[in-house]
Amino acid sequence: MKLLEGDPTVKKLVLSKTLSAASLFGSIVLYSCGGGGGAAELTTARQAMTKAEQQKGLLALQKDPVKVAKAKDDISGLYKTAYANLQTEVLKGSTSANIGEAWFLLGKASKELGNNDSMLVSFKQAEKLLADDKLGKQARSEIGGYMFEGWANGFNKGVELYNAGVAMDDEKAKAAKLKEAATTLSAAADMKPENADIYPIIAGAYQGAGDTVNALATYEKYIEMHQPAITALASRGVLLGAERSDALQKLGTPAGSKGVAPPPDTVVMDKFMLDGKEILAYFPRNKDGKFTLEGFKTGLPASWADYERDRFYAFNNQINYYAAYNYYSQKNYDKALKYTDNGLLMTPSNEELLNLQAAIYTEGGKLDQAMAAYKDRIAKNPNDKNSLAQYGSMLSNAGKLDESIDIFKKVLAIDPQSEIATFNLAAALKNKASAIQKEEQDKFDKAEAARKKDKKAPEYKLDNTKYFPYLKQSAEYFEKYRKLPGKDRDLNVLDQLINTYDVIDDKEGYRNAAGQFAGLEYANDKNPRFYETMARIYGKQKKNDKVKESLDKADALRKAGAK
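Under my numbering, residues -16 to 546 are what the sequence shown spells out, in order.
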């Protein structure tokens, strides 16, 4: 009896070994910014800055390049004078009667001189120390504008560095450029830490630079910022992609609504109070003319200007996947599950998250828990093909082949082009045949052992009709899989077909599969498994010299480190 070889493994999601910066985000579009009697030192600084502002206004009218250069030098000198005097003033601390104003002006002077670190420190101090009067509120509003401008400039510079790094072929140079991008973007984030747009790019830059620790910390920070909104919306059944009309039915009447993108009805922003927190939800109009949920903000400072609050923002739920994948790679399965589960709150049919979750359950030794969870999910949505396919894979891994076969057939009834269901059904059918063949062989071996002891013991005849039907069905589904786009050159599938056709003695099927397999040497000349299968093909043809040649090639490749 010809034995079945290499029981096919049920396919899971093919997870990338690394998360590259390019695979996470690709190139990024630049962000467009939009957005006015003391001590002697303070008086001198005020005068210098007032004069500098006046000269900046006149500079726009100057055409002579020599005079323009001279004017710029003069303006810079005035800001340096103001900067030096303000530093002296702020060192007085609480003894300065106008300490809040001094820090505010020092921030402005620092901005004009391009000293972002000093600007950030100064404005943060000013926000704490400015009086809560009309002038203080006006100054705080100006600070918000300056910080947003600084954030946007840093964002744009960081994105340019990021895109330059992603485009590099040299891995060392790429890592260095992406690290520089991460540093620049992080400095921008410090100016407006509540602006969440920037964190996925920072994390991508760290990931691309090989700094997994900082990448993971940034992923988690991004998720934590949004968690109150995620929990509030998901608990009320409002998911990403939900139509606004459905969302309003579940969330109630908004506290406020407005169009926030030109033309005004391109994006609608609704303000809700949920679980004691203000949540701004953004519903852009899709190609079908429907407004659907794409983003949300929460925990925004009261000092934010309207243009900051209104600015459209799309939540990047894929960050949950990236956080989960990093923990999965570290075999920290509990943390990995935390983020797959969190990501599925807003996108319960996300195939990447479902596949990763299934892999975590399986490799983390929680298969029974996983099957119970998926069984419950399917009970709520019997036609969820992604959950069905994952459940079928788990059943196969648990050795429940009959049940898995039924599940995969159900998936194909819903989606006849499902790659994972087609492959896994073929694999499950072959594994079922292999299990029956083993049972037959065990019965035969047991009977033969008995006959050696007693010639009168009954003989057992192998019955291949018990498993041949499963093999034939398996071959049919593997052939269907090869007809799906991009699957005709799958070596694993051809290898399975070669073995199957050999066992059931389908000469034409074997000849076709073996011929197509042999024709793929040009793309697999560094693959030892290719030559090992070719050795079996040549062995069947009794070409012993070719068998040796193929095995020698496979052995040489494995010694060189190929797998």
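We treat Cβ as the ideally placed atom computed from N, Cα and C, and that holds for glycine.
* Asked: Hey, how far is the Cα of Phe298 from the Cα of Asn333?
  -> 15 Å
* Asked: What did DSSP end up calling Arg268 once you bin it into helix, strand or coil?
  -> In the structure shown, Arg268 adopts extended strand secondary structure according to DSSP, grouped into three states.
* When the Cα atoms are used, what is the spatial distance from Glu177 to Asp194? -> Cα to Cα, the separation comes out at about 23 Å.
* Consider the Cβ of Ala341: report whether some Cβ of chain E lies at a distance smaller than 8 Å. => Within the model displayed, chain E is absent; a lone protein chain is all it includes.
* To do: Check each candidate in Ala85, Ala114 and Ile206 and name the one with the smallest Cα separation from Ala186.
  => Ile206
* Would Asp289 be called buried (16 or more neighbouring beta carbons within 10 Å of its own) or exposed? -> exposed
* **Rounded straight-line distance, which links the Cα of Ala285 to that of Phe131** => About 15 Å.
* Asked: CA-CA distance, Asp549 and Gly259?
  -> This structure cannot settle anything about residue 549, because the visible part of the chain is limited to -16 through 546.
* With 16 as the cutoff for other CB atoms within 10 Å, does Tyr357 come out buried or exposed? -> buried
* **Leu168, enclosing alpha helix (DSSP H) - first and last residue** => Glu154 to Met174
* Asked: Who pairs with Asp253 in a beta bridge, going by DSSP?
  -> Beta-bridge pairing links Asp253 to Ser240 and Ala264.
* Asked: Is Tyr505 buried or exposed, if buried means 16 or more other CB atoms sit within 10 Å of its CB?
  -> exposed
* Report the residue ranges of all beta strand (DSSP E) runs contained in full by the segment 407 to 445; include only those spanning at least 3 residues, in chain order. => none
* For Met256, does the count of other Cβ atoms within 10 angstroms reach 16, so buried, or fall short, so exposed? -> exposed
* Cβ shell of Lys157 (< 6 Å), same chain only, five flanking positions each side left out -> Gly148 and Met151
* Hey, out of Gln232, His209 and Ala411, whose CA is closest to Gln456's CA? -> Ala411
* **Best match in Ala135, Asp473, Leu25 and Lys490 for proximity to Glu291 [C-alpha to C-alpha]** => Of the candidates Ala135, Asp473, Leu25 and Lys490, the one whose C-alpha sits nearest the C-alpha of Glu291 is Ala135.
* **Bounding residues of the alpha helix (DSSP H) (the contiguous stretch that carries Thr345)** => Glu334 to Glu346
* Measure the Cβ-Cβ separation of Asn518 and Leu534 and say whether it is below 8 Å. => What sits at residue 518 in the sequence shown is Ala, not Asn. In terms of Cβ geometry, Ala518 and Leu534 form a close pair [threshold 8 Å].
* Asked: What is the C-beta distance between Ala353 and Tyr344, in whole angstroms, given that I count them as a contact (C-beta under 8 Å)?
  -> 3 Å
* Helix, strand or coil: which one does DSSP assign to Glu459? -> helix
* Apply the 10 Å Cβ neighbour rule to Leu7 and answer buried if 16 or more other Cβ atoms are within range, or exposed otherwise. => In this predicted model, Leu7 has a pLDDT of only 49, less than 50, meaning its place in the structure is not dependable; the value taken from the coordinates is given anyway. By the neighbour-count rule (16 or more Cβ atoms within 10 Å), Leu7 is buried.
* Can the beta-carbon of Glu72 be found closer than 8 Å to that of Glu24? -> Yes; because the gap between Cβ atoms is below 8 Å, this pair is in contact.
* In whole angstroms, what is the alpha-carbon distance linking Lys383 and Leu223? -> 35 Å
* Asked: Residue ranges of each alpha helix (DSSP H) run of no fewer than 4 residues wholly in the segment 191 to 225, ordered along the chain?
  -> 195 to 218
* **Boundaries of the beta strand (DSSP E) in which Gly382 is found, first to last residue** => Here Gly382 belongs to no beta strand (DSSP E), and DSSP marks it neither H nor E.
* Alpha carbon to alpha carbon, how far is Asp226 from Val251? -> According to the sequence displayed, residue 226 carries Glu and not Asp. Going by the C-alpha atoms only, they are around 12 Å apart.
* To do: Measuring alpha carbon to alpha carbon, tell me which of Ala306, Lys349, Ser240 and Gln400 ends up nearest Asn372.
  => It is worth fixing the name first, because residue 372 is Ala in this sequence and not Asn. Nearest of Ala306, Lys349, Ser240 and Gln400 to Ala372, Cα basis: Gln400.
* To do: Since I believe Ala409 is in contact with Tyr453 (beta carbons under 8 Å), could you give me their beta-carbon distance rounded to a whole number of angstroms?
  => Between Ala409 and Tyr453 the Cβ distance is about 10 Å, and since that is not below 8 Å, they are no contact.
* **Helix, strand or coil at Ile11 according to DSSP, with G and I counted as helix** => Reliability fails at Ile11, whose pLDDT of 47 lies under 50, so the model's placement of it is uncertain and no value is given.
* For Phe500, the first and last residue of its enclosing beta strand (DSSP E) -> Where Phe500 is concerned, there is no enclosing beta strand (DSSP E), although the alpha helix (DSSP H) it sits in stretches over Lys490 to Ala501.
* Asked: So who's on the other strand from Lys280, going by DSSP bridges?
  -> According to DSSP, Lys280 shares a beta bridge with Leu263.
* Per DSSP, what kind of secondary structure is Ala5 in: helix, strand or coil? -> Because the pLDDT at Ala5 is just 46, under 50, the model does not fix this residue reliably, and the point stays unresolved.
* Where does Phe391 sit, in a helix, a strand or coil, going by DSSP? -> helix
* Report yes if the C-beta distance between Ala92 and Leu112 is below 8 Å; otherwise report no. => Contact: no.
* Between Asn447 and Asp398, what straight-line distance do the alpha-carbon atoms span, to the nearest angstrom? -> 32 Å
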